[in-house]
Amino acid sequence: MAEYNLPPKTTVSWQKRIKAVFIALAVVALYLWTFLGIDIEWGRAIERISENFGVVIPKLFNPDWAVTREVTAKIMETIFIAFAGTLMASILAVPLGFLAAKNMTHPVIALIGKWLLSANRSFPELILAILFVAAIGPNAFAGVLAIAIHSTGMLGKLYSEVLESIDMQVVEAMEANGANKIQILFHGVLPQVIPEFLSYAIYRFEIDIRASSVLGIVGAGGIGTMIIFASMNRNWNEMGLILLAIIIVVTIIDTLSAKIRQKIV
Amino acid sequence: MSKQNSQPQASKAPSIYPAKLKTQVAMIFLAILAFYLFSMFWTQNQMTGGFNNALSNMKQVAEKFFPPNTSVVSNVWGPLSQTIQMAVIATTVAAVLTVPLALLSARNITTSKSLYLSVRTFMNVLRTIPDLVLAVVFVGLFGVGVFPGILALIVFSLGILAKLISETIEAVDMNPLEAMRASGGNTLQVIFYGLVPQVLPQFTSFVLYVFEINIRASVVLGLVGAGGIGLILDRELQFYNYPNAMAIIIVIFFVVITIEYISSKIREALV
C-alpha cells in the first residue's frame, strides 16, 4: 500500500487573512464603482462601426502617397523636437539627479529633490505642451520645451537611482587619500555612472519620439499636426501614410537605440 | 630605488583611454552637438519674435492662467471619475488578454518558432503607435465617446504588458516545469503549478505599472474626443478660459500623483 506524504499545509496568520479580505473588498468596490459608473453607449458605437468599418479600414491600408513629402518633412520635425528635448533634459537632469541621490547630498535635500522630480513627472507631456503653446505660440519649440521638462523628471529619477547604486568604496578610498570634491566627482563618481546615464538618455529618446509625434494635436509641431487635420477631414488615406511613417521611424529608432545601448552598458 | 623612480612617473601617467577612442568620442560629441543646434534652429524657426519675445510672452501668459478659478472644481469630479473608470476597465481587459499573448511570445513556452516570431513582430508594430494616435483612429471608427478611448488604452497597454510579461516568463526557472513534465503533468498543470507562482508577483506589479500609465494617458485622451477629463479641458482651452483650464490641470495633477503614490506603494510591497 503506497502511502503518500503530502507536504504540510502552510498556516496563514489571522492578520494576513484579514488583510487579504480587506484588499479583496477594496478591489470589488473599485470594480463595482467602475462598472456601475461608466456609461458606454454601445448602441451608437456599434452603429458607427458598422457604417465606418468598410470605409475607414481599407483606406488606412491604402496610403495616399501624394503627401509623402509633407509627411517626411513633418516626421523629420518630430525627430528634431524629440532630439532637442531629450538632449536638454539629459543635461538638466544631471544636477537634479545628484540632488535627489541619497548618497550625494543631505538626505532631507534628497527627499525634497525626489518629490520635485516626481511632481514634475506627473504632468503629462500634452498638458505641458498646452501650457507652452499658450505661452509661446503654436510652434515646434513649444513641443521641445514640453518634452524637455517632462523628460527631466523621468531622467532625474533614473539618474538618482543610478547614483545611489554606485560603489561608494571607490569614493571613500579617494576621500581617505585626500582627494577634493571635484576630483572625487570626476574620477570616482562620473566614470561609474556615465555609461548608464547615456543609456537612459538614449532610452528616453525612444519614448520622446512617440511622445513628440502626438504633440501636434495641441499645436506643438511635428507629425501630430497632420494627424489632427487628417482626422478632422476624415482623410483616412493620408492617415494611413502617417501611421506607416510613424511605425517605420519608431521601429528604426528603437532598433538603433537598442543596439547602441547594448554597446554602451 | 624603484620607489623613487615611480614618483615622478605617477604625475605624468599616460591616459588610460587610447587616442583612437578619444577622437571617436569627440566626433560623436560634435555630431550630436551639430544635430542639436540644427534641431534648435529648426524648431525655433516658426517662432515669431524669437526667443526673447517668447520669454516676455510667457510671463504674460502665466498671469493669464493665475489665479485658477476654483469654482469649476465641483464640475470636474464627474469627468475625472470617468477617466479613472476608463483606465480601470482598460487595464483589466488588457491584463486578461495579455496572458495568451505573453505565453505565445515567450520563447521557452511557445516552441514553434514561426508562431513566436509572428506574434512578437505583431506586438512590436502595435507598440510603435502612440496611444493618442490610436485614440484618433478609434474615434474616427466609433465616433466620439468613452468606448474608443477605452479601446485605445487596451490596445496600447496590451503592447507594453505582453512584452514585459513575456520577458518575465522567459526569465523563469525552467527546472520545476521540467520536473513536473517528467512526472506526468500535462501542459495546463505545468503552467498552473510551475509557471504561475513564479510569474504572479511580477505580473501584478506590471499590471499596476500599466494602470499608472493608463491613468496618465486617459487624462489627455479627451483632447481628441475620446472621453474623460480631457474633454472639458479641451473645451475650456478652446474658449481661452485659462483660469478654468488651470484649475482642471491642478486637479489632474493631484489625482495623478495620489494614484501613482498608492500604486507604487503596492508595487513595493509586492516585489
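Those sequence lines, one after another, are chains Z and C.
First residue of the first sequence: 9, per our numbering; consecutive thereafter.
First residue of the second sequence: 2, per our numbering; consecutive thereafter.
Heads up, the beta-carbon is just placed ideally off N, CA and C, and yes, glycines get one too.
What you are looking at is a predicted structure, and each value in this text was computed from that prediction instead of being measured.
Going by the CB atoms, is the gap between LYS67 (chain Z) and ASN241 (chain Z) shorter than 8 Å? no
So is MET59 (chain C) in contact with chain Z if we call contact Cβ pairs under 8 Å? yes
PHE43 (chain Z) versus C:GLN83, C:PHE207, C:GLN190 and C:THR122, residue with shortest Cα-Cα distance: Among C:GLN83, C:PHE207, C:GLN190 and C:THR122, the Cα nearest to that of PHE43 (chain Z) belongs to C:GLN83.
Whole angstroms are fine: how far does the CA of ILE155 (chain C) sit from the CA of ILE190 (chain Z)? 49 Å
I need the straight-line Cα distance from PHE148 (chain C) to LYS122 (chain Z), nearest angstrom please. 36 Å
Under the three-state DSSP convention, the category VAL273 (chain Z) falls into: coil
Please classify GLN5 (chain C): does DSSP put it in a helix, a strand, or coil? Any reading at GLN5 (chain C) must be qualified, since the residue scores a pLDDT of 46, below 50, and its modelled position is unreliable; the value itself is stated next. Of the three classes helix, strand and coil, the one that applies to GLN5 (chain C) here is helix, per DSSP.
At a CB-CB cut-off below 7 Å, which residues of chain Z make contact with PHE36 (chain C)? Neighbours of PHE36 (chain C) on chain Z, chain order: PHE91.
Could you tell me the distance, in whole angstroms, from the CA atom of THR113 (chain Z) to the CA atom of SER126 (chain Z)? 18 Å
When Cβ atoms are compared, which residues of the region 209–229 of chain C fall closer than 7 Å to chain Z? ARG217, VAL220, VAL221, LEU224 and VAL225
Does the beta-carbon distance from ARG236 (chain C) to PRO132 (chain Z) come in below 8 Å? no
Three or more C-beta pairs below 8 Å linking the region 133–151 of chain Z and the region 215–229 of chain Z: yes
Segments assigned beta strand (DSSP E), at least 3 residues, entirely inside the region 185–266 of chain Z: none
Cβ of VAL152 (chain Z) less than 8 Å from any chain C Cβ? yes
So, is the C-beta of ARG56 (chain Z) closer than 8 Å to a C-beta in chain C? yes
ILE26 (chain Z) lies in the alpha helix (DSSP H); which residues open and close that run? 22–45
Tell me the rounded alpha-carbon separation between ALA109 (chain Z) and MET176 (chain Z). 13 Å
Mind pulling the chain Z residues with CB within less than 7 Å of ILE250 (chain C)? ILE135
Please decide whether GLN214 (chain Z) counts as near chain C, where near means a Cβ-Cβ distance under 8 Å. According to the sequence displayed, residue 214 (chain Z) carries Glu and not Gln. Cβ-Cβ to chain C under 8 Å: no for GLU214 (chain Z).
Exposed or buried, SER57 (chain C), counting other C-beta atoms within 10 Å across all chains shown (16 or more means buried)? Exposed.
Would you say the region 94–105 of chain C touches the region 159–172 of chain C, given that touching needs at least three Cβ pairs under 8 Å? At 8 Å Cβ cutoff, the stretches touch.
Examine chain Z for any beta-carbon lying closer than 8 Å to the beta-carbon of GLU261 (chain C), and answer yes or no. Residue contact check for GLU261 (chain C) against chain Z: a CB pair falls below 8 Å.
Near ALA156 (chain Z), which residues of its chain fall below 8 Å by C-beta distance, leaving aside the five closest residues on each side in sequence? ALA92, GLY93, THR94, MET96, ALA97 and LEU100
Cutoff 7 Å; reference PRO9 (chain C); Cβ partners in own chain excluding five residues on either side: Unreliable positioning characterises PRO9 (chain C) in this predicted model, as indicated by a pLDDT of 46, which lies under 50. The coordinate reading is nonetheless provided below. Closer than 7 Å at Cβ, skipping near neighbours: no residue.
Is there a Cβ of chain Z sitting closer than 8 Å to that of TRP43 (chain C), yes or no? yes
Using DSSP with H/G/I as helix, E/B as strand and the rest coil, what is MET175 (chain C)? coil
In angstroms, rounded to a whole number, what distance separates the CA positions of PHE194 (chain Z) and ILE202 (chain Z)? Here the alpha carbon of PHE194 (chain Z) sits roughly 11 Å from the alpha carbon of ILE202 (chain Z).
If we ignore side chains and look at the alpha-carbon of each, how far apart do ASP132 (chain C) and ILE210 (chain Z) end up? Pairing ASP132 (chain C) with ILE210 (chain Z), the inter-Cα distance amounts to about 21 Å.
In three-state DSSP terms, what is SER235 (chain C)? According to the sequence shown, residue 235 (chain C) is Asp rather than Ser. The answer is helix: DSSP assigns ASP235 (chain C) an H, G or I state.
If you follow the alpha helix (DSSP H) that MET247 (chain C) is part of, which residue opens it and which one closes it? 243–271
Taking Cβ-Cβ distances shorter than 8 Å, what residues in chain C pair up with SER159 (chain Z)? Per Cβ cutoff of 8 Å: no residues; SER159 (chain Z) is ~14 Å from chain C at best.
Residues of chain Z with CB under 7 Å from PHE143 (chain C), in chain order? Correct list: ALA53, ARG56 and ILE57.
What is the DSSP secondary structure of SER106 (chain C), counted as helix, strand or coil? coil
In its own chain, which residues sit with a C-beta less than 7 Å from the C-beta of ALA248 (chain C), not counting the 5 before and 5 after it? PRO69, ASN70, THR71, VAL73 and VAL74
Reduced DSSP secondary structure (H/G/I, E/B, other) of ILE99 (chain Z): helix
Just checking my contact of ALA103 (chain C) with ILE166 (chain C) at CB under 8 Å: how many whole Å lie between their CB atoms? 4 Å
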